[in-house]
Structures are given as C-alpha cells and as structure tokens.
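Enquirer: In order, the protein sequences belong to chains S and R. Numbered per the numbering used here, the first sequence finishes at 333, counting up by one with no gaps. Numbered per the numbering used here, the second sequence finishes at 333, counting up by one with no gaps. All residues carry an ideal CB built from backbone N, CA and C; glycine is no exception.
2 protein chains.
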Amino acid sequence: MTSTEPISFAEAFDLINPHLYTVEERIRAQAKIFDPAVEGYVSYVCEAGGKRLRPALALLSAGATGKITASHVDLAVILELIHIATLVHDDIMDGAELRRDQPTANAKWGNAITVLLGDCLFAHALRLSTNFSNSDICRRIADAAAEVCSGEIIQTQRRFDLKLSTADYYRIIEMKTAALFSAACELGAFISEASPQVISGLKTFGMKLGVAYQIYDDILDLAGSEEQTGKTLGTDLRKGKFTLPVLLMLQSGKDVNTLRELLLKEDQVDGELLVAMLGSAGALQSAKSIAFRLIEESLEQLAPIQNNKYAGGLRAIAEQLRTLLDRI
Amino acid sequence: MTSTEPISFAEAFDLINPHLYTVEERIRAQAKIFDPAVEGYVSYVCEAGGKRLRPALALLSAGATGKITASHVDLAVILELIHIATLVHDDIMDGAELRRDQPTANAKWGNAITVLLGDCLFAHALRLSTNFSNSDICRRIADAAAEVCSGEIIQTQRRFDLKLSTADYYRIIEMKTAALFSAACELGAFISEASPQVISGLKTFGMKLGVAYQIYDDILDLAGSEEQTGKTLGTDLRKGKFTLPVLLMLQSGKDVNTLRELLLKEDQVDGELLVAMLGSAGALQSAKSIAFRLIEESLEQLAPIQNNKYAGGLRAIAEQLRTLLDRI
Numbered sequence: 006m007t008s009t010e011p012i013s014f015a016e017a018f019d020l021i022n023p024h025l026y027t028v029e030e031r032i033r034a035q036a037k038i039f040d041p042a043v044e045g046y047v048s049y050v051c052e053a054g055g056k057r058l059r060p061a062l063a064l065l066s067a068g069a070t071g072k073i074t075a076s077h078v079d080l081a082v083i084l085e086l087i088h089i090a091t092l093v094h095d096d097i098m099d100g101a102e103l104r105r106d107q108p109t110a111n112a113k114w115g116n117a118i119t120v121l122l123g124d125c126l127f128a129h130a131l132r133l134s135t136n137f138s139n140s141d142i143c144r145r146i147a148d149a150a151a152e153v154c155s156g157e158i159i160q161t162q163r164r165f166d167l168k169l170s171t172a173d174y175y176r177i178i179e180m181k182t183a184a185l186f187s188a189a190c191e192l193g194a195f196i197s198e199a200s201p202q203v204i205s206g207l208k209t210f211g212m213k214l215g216v217a218y219q220i221y222d223d224i225l226d227l228a229g230s231e232e233q234t235g236k237t238l239g240t241d242l243r244k245g246k247f248t249l250p251v252l253l254m255l256q257s258g259k260d261v262n263t264l265r266e267l268l269l270k271e272d273q274v275d276g277e278l279l280v281a282m283l284g285s286a287g288a289l290q291s292a293k294s295i296a297f298r299l300i301e302e303s304l305e306q307l308a309p310i311q312n313n314k315y316a317g318g319l320r321a322i323a324e325q326l327r328t329l330l331d332r333i
Numbered sequence: 006m007t008s009t010e011p012i013s014f015a016e017a018f019d020l021i022n023p024h025l026y027t028v029e030e031r032i033r034a035q036a037k038i039f040d041p042a043v044e045g046y047v048s049y050v051c052e053a054g055g056k057r058l059r060p061a062l063a064l065l066s067a068g069a070t071g072k073i074t075a076s077h078v079d080l081a082v083i084l085e086l087i088h089i090a091t092l093v094h095d096d097i098m099d100g101a102e103l104r105r106d107q108p109t110a111n112a113k114w115g116n117a118i119t120v121l122l123g124d125c126l127f128a129h130a131l132r133l134s135t136n137f138s139n140s141d142i143c144r145r146i147a148d149a150a151a152e153v154c155s156g157e158i159i160q161t162q163r164r165f166d167l168k169l170s171t172a173d174y175y176r177i178i179e180m181k182t183a184a185l186f187s188a189a190c191e192l193g194a195f196i197s198e199a200s201p202q203v204i205s206g207l208k209t210f211g212m213k214l215g216v217a218y219q220i221y222d223d224i225l226d227l228a229g230s231e232e233q234t235g236k237t238l239g240t241d242l243r244k245g246k247f248t249l250p251v252l253l254m255l256q257s258g259k260d261v262n263t264l265r266e267l268l269l270k271e272d273q274v275d276g277e278l279l280v281a282m283l284g285s286a287g288a289l290q291s292a293k294s295i296a297f298r299l300i301e302e303s304l305e306q307l308a309p310i311q312n313n314k315y316a317g318g319l320r321a322i323a324e325q326l327r328t329l330l331d332r333i
C-alpha cells in the first residue's frame with residue numbers, strides 16, 4: 006500500500022478530467038444515434054449539464070483499482086444517461102419548470118413527449134450496456150435502473166404519509182439515489198478486475214456515500230440558502246416528501262401534533278415555520294450527524310484499497326460532502 | 006419441405022397453449038420480484054390480460070424453426086413486459102381511463118406513480134433480457150424497445166400536423182408497433198439457431214405483419230363498430246393522430262380544404278362526418294388494400310420456412326388479420 010497526500014475535491018476532478026471530457030463528448034454524441042426527429046429532444050436534456058458525479062465515481066473507482074479503460078468510460082456514460090432519464094421523469098412528477106436555470110423538457114414540450122423522452126434515454130442506456138462482453142455488467146446496470154425506479158415509486162406512494170419511518174426513508178434513498186452511486190463504484194472496480202473484497206468495499210462505499218448525499222440534499226431543501234440550492238426552500242415539504250429531519254422530529258415526539266398538522270397542509274405548508282421548528286428541536290442537527298457518520302463509514306471502506314491518487318479522489322469526494330454539510 | 010393443412014387462428018393458439026400458459030404464469034410471477042411496496046402496481050397491470058400477440062409470434066416462430074425452449078418462453082415474457090410498459094405510458098398520454106374494461110393505472114393511481122410504474126416494468130424487462138447468455142439477443146431487445154419509444158415520440162410530436170406524409174406514418178408504425186412484432190419473430194428463430202435466411206425472412210414477416218396490424222387497428226378506430234373496438238370511435242382524430250385513411254385522403258387532394266379544417270378542430274372534431282368523408286372518398290378502402298397487400302407480402306416471407314404446423318400458425322395469424330380487415 007503506497008501512501009499519498011490527501012487531495013482536494015477540485016483535484017479529484019482534475020485527475021480524471023480528460024476522461025470526463027470524453028464522457029461528455031460521448032453523452033452528446035448519443036443524441037445522433039436516435040431518429041433525426043428525436044435527436045433534438047435527447048440532445049437538449051443531455052447537454053443541460055450536471056455535476057457528473059456518477060461518472061466521476063465510476064472513473065475514480067476505475068483508477069483506484071487499475072487503469073481507466075474505454076469500458077470504464079462506457080460505464081460512466083451509461084450511468085449518467087440513466088440518471089438523466091430519471092431526472093427527466095422527476096421533473097414531470099414535480100411539475101418543475103426549471104432545472105439548472107434552463108426550462109425543463111416538460112416545460113418546453115409538455116408531459117407526453119417528456120414521458121417518452123425519458124423512456125428513450127432509458128432504453129438507449131440499457132442498449133449501450135449490452136455492448137459489454139460480460140453480461141454481468143449489463144445485468145448489474147439494469148438492476149440498478151430498476152432499483153432507482155422502484156425507489157421513486159415508493160417515495161411517490163408515501164407522500165404525505167405520517168407513518169413513514171426512518172427505515173422506510175433509508176430504503177427509499179438507498180434505491181432512488183445510492184443504487185447508481187453504488188453501481189458506479191462497484192462496476193468501476195469490477196471492470197478493472199479487482200478482488201471480490203475490493204469490489205464489495207467500493208460497492209458499500211458508493212452505497213453509504215449515496216445515502217449521505219441524499220440526506221445532505223434533503224437537508225439543503227429545508228435549510229440551505231437560496232444561493233446554495235438555486236431553488237425555493239421547502240419544496241419537498243409542500244410535495245409531501247418527508248425527509249430525515251422531519252421523520253426524526255416526528256419520531257422524537259416533540260411538538261408532534263403541531264408538526265403533523267403543519268405537514269398535512271399540502272400547498273399551504275409554512276416552510277419557514279417548519280424549518281424553524283426542526284432547527285430548534287435539533288432535528289436538522291441530528292440528520293446532519295447521521296450523514297456525517299455515514300461519510301465516516303464510507304471512508305472506512307476505502308482502507309483496504311490501494312492508496313493511489315484515484316483512491317484519494319474518492320476520499321476527496323466524501324470529504325467535500327462533509328464540508329458542504331458543515332456549511333448548511 | 007413437408008406440407009401441412011392450413012390451420013385456424015384458434016388452432017394456432019391451441020398449438021402453443023401450454024407455453025402461453027407458462028408465459029402468463031411467468032408474467033404474473035414478475036410482480037413478486039419487485040419491492041413489496043411496488044408489487045401491487047406491477048401485478049395489476051400485468052394481470053390486466055391482453056391478446057399476448059407478441060408472445061404468440063415468438064413461440065410460433067420458435068416452433069416453426071425448431072423446438073420451443075425455455076429461452077423462447079423468456080423471450081415471450083420480456084417482449085410482453087415491454088409492450089405492457091408502453092401501454093402503461095400510452096394511457097397516461099391519452100388520458101385513458103379504461104383499458105379492457107378495467108380502470109387504467111393512471112386512473113387508479115395518478116400520472117406520477119404511473120410514469121414510474123412504466124419505467125419499472127421497462128427496466129425489469131431489460132434486466133430479464135440480460136439473462137440470455139448471447140448478448141446479441143439482449144441488444145436486439147433493447148434496440149426494439151428504443152425503437153418503440155422513438156416511434157411514440159415522433160407520433161406525439163406530429164399530432165395535428167397536416168404535413169405528415171404516408172412515408173412518415175409508415176416509419177412511425179414500423180417503430181412503435183412493428184419493431185416488437187419483428188423482434189418476436191426474428192429472435193424466436195435466432196434462439197432456435199435457424200439459418201440467417203430464415204431469421205431474416207421471419208424478421209420481415211413480423212415487420213410487415215406489424216405494419217398491417219397497426220393499419221387495421223387505425224382503421225378500426227375510424228370505422229369499426231363499438232362492439233369490435235369496445236371504445237368510442239374517432240379517438241385518434243380527436244387526439245390529432247392522423248392515420249393512413251386520413252393521410253391518403255389528404256394526399257388525394259379531394260375535399261382537402263374541408264378535410265383540413267375538420268381535422269384541426271381538436272376536441273370538437275366531428276368523427277362521424279369525417280368517417281363518412283373518408284368512406285365516400287374511398288380512403289378507408291385504399292388503406293385496407295394497402296394492409297391486404299402487406300399481409301400478402303408477409304405470407305410470401307414464410308415460403309422458404311419449413312412448412313410445419315407452427316409455420317401454419319404464423320400463417321393463420323396473418324390470415325386472421327385479413328379476415329378482421331374484411332369485416333370492417
């Protein structure tokens with residue numbers, strides 16, 4: 006095991022920058038594979054940009070366990086396309102008009118085209134995955150995609166459900182968010198032909214990081230600054246998505262009747278009041294502590310992995326999440 | 006080449022009945038593979054029944070080219086699941102409340118759950134397809150699924166578009182309907198390890214039959230009896246789906262200004278008047294003739310195929326379509 010200096014989040018991305026650039030080019034090129042009548046829609050949603058976190062995790066896991074190959078780039082492209090497909094459908098469900106300051110597909114073309122557009126992207130991503138000569142990779146990707154969709158269904162089904170437990174919440178976010186993070190890390194290592202122990206460690210790293218990331222994102226919706234989120238706070242509350250801080254406060258029993266009443270007001274939900282309640286009850290802080298612990302646990306998974314600069318990049322991503330959580 | 010007596014449509018289904026029964030059982034069993042919270046939704050849409058035409062084509066093509074195996078049954082299950090997924094999303098787009106006399110998924114649970122439910126089925130079907138040891142099969146299935154979605158997008162995009170040509174129409178229905186028919190026949194033979202010539206013949210058979218079937222279905226929407234269709238006539242017209250008879254009449258130039266005006270009235274479209282116009286202009290008859298010709302061409306594709314009872318079953322399906330067209 007060689008020891009390396011810790012690197013920053015920006016340095017982690019720099020490390021894989023040429024590969025990320027290829028991923029970006031490849032994502033753009035996918036639109037051309039569709040019928041010319043469909044190309045414009047695909048290209049619009051693919052070029053909308055994004056953090057490309059899943060590709061970064063796949064590429065860093067690849068580098069942490071071997072040489073980054075064309076297959077790793079394929080993996081990164083496929084996982085991002087699945088992610089984009091789910092965002093396209095999410096925006097329909099949320100009736101969102103903007104994503105990253107651009108009109109959403111549903112705002113531009115209506116729900117009908119957008120449902121189909123998501124389907125197209127989804128089918129295409131899975132079509133690309135059939136190019137892997139090892140069908141285990143293809144199966145694992147399809148599994149993760151099915152998990153994401155199932156997680157989203159359960160989340161939608163349990164809106165405004167005061168009986169949602171923290172266990173239900175973890176299960177939902179493991180499926181809807183962490184499944185792709187986990188597949189990125191696991192398959193990055195699998196393609197590098199890492200040992201089963203290393204593959205399994207990276208899979209767990211991705212799972213824990215994904216759950217922590219979703220908890221962070223959910224806290225941000227409640228208590229972030231508009232500058233951090235670029236969107237109105239409390240959107241989840243108004244949509245009946247009860248996230249970890251809310252569930253922890255419900256569980257604690259403190260002011261539970263007032264809380265229940267406020268939560269069920271749907272479009273009339275008073276976000277500011279609720280956030281103040283969650284803050285003074287310590288529920289935001291408790292949720293943060295849980296995310297911090299998950300970040301710690303994710304980092305522990307990296308211990309048996311060869312300590313090269315790419316492994317340092319994975320660490321840097323987890324550390325960056327810790328920093329972001331600290332700032333809320 | 007052995008010669009056999011022609012068989013009826015019912016006999017064709019009888020021939021593969023035990024296998025179709027297994028397909029049905031397997032489709033039902035899929036629901037159990039999902040998270041318990043999702044199982045109920047999946048099982049509802051999977052048990053809604055259907056003609057199971059795609060499974061029948063896959064199984065008959067299998068029998069026509071060899072022995073029907075477990076892999077053929079897998080193929081039939083996967084294609085039907087993809088078909089069900091597209092129906093689930095179709096019903097959202099059409100705002101349909103009933104399908105086969107049962108409330109649609111969107112009528113029962115709303116659009117949000119239903120978008121995700123379609124995604125789940127879709128992802129699951131493609132996940133099942135990764136079990137084929139030959140990744141060509143998996144790729145071909147994903148290709149067909151992507152075709153179906155692209156076809157649906159173009160159809161939606163071109164609603165109320167008076168510039169839609171018959172060539173555009175054929176391309177749309179080749180993608181949205183015939184792609185799965187064609188994949189069923191082609192892959193049925195491919196799994197049987199038939200010769201490239203036979204595989205290609207069955208692929209073309211499925212393509213032509215699929216196009217003829219969609220033309221039939223489109224004529225039925227204009228001119229069928231309520232008894233035949235179980236739904237209100239002229240739905241396509243009101244939704245701006247201009248199908249073959251309409252396009253042929255627009256192309257002929259007869260009463261074209263009146264026709265254009267009537268077609269663009271959206272929800273106020275006078276279906277009865279339009280159907281009367283299409284009838285007296287001979288456009289319904291012309292569309293039927295085109296479908297008859299496609300059926301003939303599809304049957305020609307079967308000539309080089311070993312003439313066993315299963316090949317007779319494929320013929321019977323094409324003949325049944327001819328009979329149904331005759332009855333309109």
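Straight-line CA distance for F18/S to A63/S?
Expert: When rounded, the distance between both Cα atoms is 12 Å.
Enquirer: Three-state secondary structure (DSSP) at Q35/R?
Expert: Here Q35/R sits in helix by DSSP.
Enquirer: For F297/R and I83/S, I'd like the C-alpha separation in whole angstroms.
Expert: Using only the alpha carbons, I get a separation of about 42 Å.
Enquirer: Rounding to the nearest angstrom, what Cα-Cα distance links G317/S and A61/S in this structure?
Expert: The straight-line gap from Cα to Cα measures roughly 13 Å.
Enquirer: Run through chain S and tell me which residues come within less than 7 Å of S155/R, C-beta to C-beta.
Expert: Near S155/R (Cβ distances below 7 Å), the residues of chain S are F39, D40, V43, C125.
Enquirer: Which of the three DSSP states is assigned to T7/S in this structure?
Expert: Residue placement at T7/S is poorly supported in this model, since its pLDDT is 48, which falls under 50; the coordinates still yield a value, given next. Reduced to three states, the DSSP call for T7/S is coil.
Enquirer: Please report the residue range of the alpha helix (DSSP H) in which D95/S lies.
Expert: Its alpha helix (DSSP H) spans residues 75-99.
Enquirer: Take G54/S and list the residues in its own chain whose beta-carbon comes closer than 8 Å to its own, dropping the five residues that flank it on each side.
Expert: Around G54/S: R105.
Enquirer: Helix, strand or coil for Q160/S, going by three-state DSSP, please let me know.
Expert: Helix at Q160/S.
Enquirer: Assign M6/S to buried or exposed, taking buried as 16 or more other Cβ atoms, counted over all protein chains shown, within 10 Å of its Cβ.
Expert: Because M6/S sits at a pLDDT of 43, beneath the cut-off of 50, its placement in the model cannot be relied upon, and the point is left open.
Enquirer: Helix or strand or just coil, what does DSSP make of P309/R?
Expert: If DSSP states are grouped into helix, strand and coil, P309/R belongs with coil.
Enquirer: Shorter than 8 Å from the beta carbon of M6/S to some beta carbon of chain R?
Expert: Interpretation of M6/S is limited by its pLDDT of 43, a score under 50 that renders its predicted location unreliable; the figure taken from the coordinates is listed afterwards. Judged by the 8 Å Cβ criterion, M6/S is not in contact with chain R.
Enquirer: Would you mind stating whether E277/R and G245/R have Cβ atoms separated by less than 8 Å?
Expert: No, these two residues do not count as a Cβ contact at 8 Å.
Enquirer: Within this structure, are the beta carbons of T70/R and A149/R separated by less than 8 Å?
Expert: Not in contact: T70/R and A149/R (Cβ atoms no closer than 8 Å).
Enquirer: Closest to R176/R by C-alpha separation, out of L192/R, E152/R, E191/R, A199/R, would be which residue?
Expert: It is E152/R whose Cα lies nearest to the Cα of R176/R.
Enquirer: Given that H94/R touches chain S, what residues does it touch there, using C-beta distances under 8 Å?
Expert: By Cβ distance, chain S contributes V120, L121, D124.
Enquirer: Return no unless some Cβ of chain R is closer than 8 Å to the Cβ of H3/S.
Expert: Absent from the model: residue 3/S. The displayed extent of chain S is 6 to 333, so no value can be given.
Enquirer: Taking only three categories from DSSP, how would you classify R104/R?
Expert: Strand at R104/R.
Enquirer: Taking K293/S as the reference, give the member of Q273/S, I322/S, L225/S, D241/S with the closest Cα.
Expert: Ranking Q273/S, I322/S, L225/S, D241/S by Cα distance to K293/S puts L225/S first.
Enquirer: Suppose only complete runs of 4+ residues qualify. What are the alpha helix (DSSP H) ranges in the segment 275-328 of chain S, listed by chain order?
Expert: Taking only runs of at least 4 residues, the alpha helix (DSSP H) segments lying wholly in the segment 275-328 of chain S are 276-285, 288-306.
Enquirer: When burial is assigned at 16 or more other CB atoms within 10 Å of the CB, is G100/S buried or exposed?
Expert: G100/S is exposed by the Cβ-count criterion.
Enquirer: Along chain S, which residues have their Cβ under 9 Å away from the Cβ of D148/R?
Expert: Simply A128, R132, T135.
Enquirer: Hey, is the segment 105-119 of chain R in contact with the segment 155-162 of chain S, meaning 3+ C-beta pairs nearer than 8 Å?
Expert: With a cut-off of 8 Å, the segment 155-162 of chain S and the segment 105-119 of chain R count as touching, because enough Cβ pairs lie within range.
Enquirer: For a contact defined as C-beta to C-beta under 7 Å, what are the partners of A117/R on chain S?
Expert: The contacting residues are M98, T161.
Enquirer: Hey, quick one: how far does the alpha helix (DSSP H) through S257/S stretch, first residue to last?
Expert: It spans 249-257 - the alpha helix (DSSP H) in which S257/S sits, taken as one unbroken run.
Enquirer: At the 8 Å Cβ level, is I158/R part of the contact set with chain S, yes or no?
Expert: It does; some Cβ of chain S falls within 8 Å.
Enquirer: The alpha helix (DSSP H) spanning L58/S covers which residue range?
Expert: Residues 58-70.
Enquirer: For D223/S, count the other beta carbons within 10 Å of its own beta carbon; 16 or more makes it buried, fewer makes it exposed. Which is it?
Expert: With 16 or more other Cβ atoms within 10 Å, it is buried.
Enquirer: Specify the secondary structure class of I21/S as computed by DSSP and reduced to three states.
Expert: Three-state result, I21/S: coil.
Enquirer: Excluding sequence positions up to five away, which residues of its chain have a Cβ less than 6 Å from the Cβ of S66/R?
Expert: Same-chain partners within the cutoff: C190, G193, A194, L207.
Enquirer: Looking at the unbroken alpha helix (DSSP H) that takes in Q202/S, where does it start and where does it end?
Expert: It spans 201-228 - the alpha helix (DSSP H) in which Q202/S sits, taken as one unbroken run.
Enquirer: Quick check: the segment 42-58 of chain S against the segment 13-32 of chain S, are at least 3 beta-carbon pairs closer than 8 Å?
Expert: As far as the Cβ criterion goes, the segment 13-32 of chain S touches the segment 42-58 of chain S, which means the pair count is three or higher.
Enquirer: Do C3/R and C125/S have their C-beta atoms closer together than 8 Å?
Expert: Nothing can be reported for residue 3/R: it is not among the residues displayed for chain R, which extend from 6 to 333.
Enquirer: Please decide whether C143/R counts as near chain S, where near means a Cβ-Cβ distance under 8 Å.
Expert: Yes, C143/R counts as interfacial toward chain S.
Enquirer: Which term fits I45/R, buried or exposed, when burial requires 16 or more other beta carbons within 10 angstroms of its beta carbon?
Expert: First, the amino acid is wrong: residue 45/R is Gly here, not Ile. Per the 10 Å Cβ criterion, exposed.
Enquirer: Hey, does S13/S have any beta-carbon neighbour from chain R nearer than 8 Å?
Expert: Chain R contact via Cβ: absent.
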